[in-house]
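This report refers to the structure that appears directly beneath it.
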Amino acid sequence: MNTAVACWRTGRVLLHVLSGLAQVRFFFPRLPQAQRDLRVRAWACAMLRCLGVELRLVGTPPVTGPMLLVANHISWLDILVLHAARHCRFVSKSDVKHWPLVGTLATAGGTLYIERASRRDAMRVVHHMAQALKDGDILAVFPEGTTGDGTTVLPFHANLLQAAISAQAPVQPVLLQFVDGRTGAPSRAMSYVGDESLLGSVWRTLSARQLRAVVVYGVPEYAGNRDRRSWARDLHANIRAMQQC
1 MNTAVACWRT GRVLLHVLSG LAQVRFFFPR LPQAQRDLRV RAWACAMLRC
51 LGVELRLVGT PPVTGPMLLV ANHISWLDIL VLHAARHCRF VSKSDVKHWP
101 LVGTLATAGG TLYIERASRR DAMRVVHHMA QALKDGDILA VFPEGTTGDG
151 TTVLPFHANL LQAAISAQAP VQPVLLQFVD GRTGAPSRAM SYVGDESLLG
201 SVWRTLSARQ LRAVVVYGVP EYAGNRDRRS WARDLHANIR AMQQC
């Protein structure tokens, strides 16, 4: 992809970020939650267009909550993609809250923050997640706890699934994939794993030609008689099976 095109996209992205910050500052305080959710989704869709990323949905996203989305984690793009597909509230590490620009936008999107190193804080977040599910929210988590390379799915951490068990809410497995829109082959343009830098990942994304994000929604399920660990193993197997299709 021509460097000039990547620079053009960069300019559009920066303007769109400023637009988002202006909406959060001047409009969000006066809007009901439903209108905020619609604006967050519209902003995410427009950001994908600024980045040159096409969005494709397979399966049926949740129409209403309560629902806990459990997805594999590949890139910094994942949150944007899931927001664009269907607005949801994310659970994220507490560091994100203090990131310049990004933290403000994440908080406006309803993100719940967790101190990963603190067991007590994990219990607090599970309690808030359970209450949000009881209130009918749609939440999303990345149970791998880190980004993978997209060719496999790392083992799932089970702790946050306790929220769905406590709230008696369903969980929907979600597979995220990024492919070359011309060939359908997996793309690593947006990869952010190992020693790869965030800046390098962003620039490769801006430079990519016809990058397509694919969101595959599986069948929602309840825990039944399973504890959170066995449920996590089953959800992991479901997403792996979706990946092989």
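Read in order, the letters of the sequence shown correspond to residues 1 to 245 in this note's numbering. Beta carbons: idealized from backbone N, C-alpha and C, even for Gly. Keep in mind it's a predicted model, so treat the numbers as computed, not measured.
Tell me which same chain residues have a C-beta within less than 6 Å of the C-beta of residue i, skipping the five on either side of it?
{"i": "Pro251", "result": "This structure does not reach residue 251, given that the chain is present from 1 up to 245, and the question cannot be answered."}
{"i": "Leu154", "result": "Glu144, Gly148"}
Taking C-alpha atoms, which residue in the options lies nearest to residue i?
{"i": "Ser94", "options": "Val13, Leu101, Glu115", "result": "Glu115"}
{"i": "Phe156", "options": "Arg89, Ala232, Asp227", "result": "Ala232"}
{"i": "Ala241", "options": "Arg86, Val216, Arg228", "result": "Val216"}
{"i": "Val179", "options": "Arg209, Thr104, His127, Gln162", "result": "Arg209"}
{"i": "Thr64", "options": "Pro220, Gly224, Ser197", "result": "Pro220"}
Taking C-beta to C-beta, are residue i and residue j nearer than 8 Å?
{"i": "Leu82", "j": "Ala42", "result": "no"}
{"i": "Gln187", "j": "Leu160", "result": "For the record, residue 187 in the displayed sequence is Ser; it is not Gln. Going by C-beta atoms, Ser187 is not nearer than 8 Å to Leu160."}
{"i": "Arg89", "j": "Asp121", "result": "no"}
{"i": "Leu175", "j": "Leu68", "result": "no"}
Excluding five sequence neighbours on each side, which residues of the same chain lie with their C-beta closer than 7 Å to the C-beta of residue i?
{"i": "Ser201", "result": "Ser75, Trp76, Met190, Ser191, Tyr192"}
{"i": "Cys45", "result": "Ala84"}
Can you look up residue i in the DSSP assignment and give me helix, strand or coil?
{"i": "Asp180", "result": "strand"}
{"i": "Pro61", "result": "coil"}
{"i": "Val126", "result": "helix"}
{"i": "Phe90", "result": "strand"}
{"i": "Gln210", "result": "coil"}
{"i": "Met67", "result": "strand"}
{"i": "Ser239", "result": "Inspection of the sequence shows that residue 239 is occupied by Ile rather than by Ser. Residue state, collapsed to three classes: helix."}
According to the neighbour-count rule (16 or more other Cβ atoms, all chains shown, within 10 Å of its Cβ), is residue i buried or exposed?
{"i": "Phe27", "result": "exposed"}
{"i": "Tyr113", "result": "buried"}
{"i": "Val91", "result": "buried"}
{"i": "Arg182", "result": "exposed"}
{"i": "Gln244", "result": "exposed"}
Please list, in chain order, all residues of the same chain as residue i whose beta carbon is under 8 Å from its beta carbon, the five residues on each side excluded.
{"i": "Ser19", "result": "Trp43"}
{"i": "Val13", "result": "Met47, Cys50, Leu51, Leu206"}
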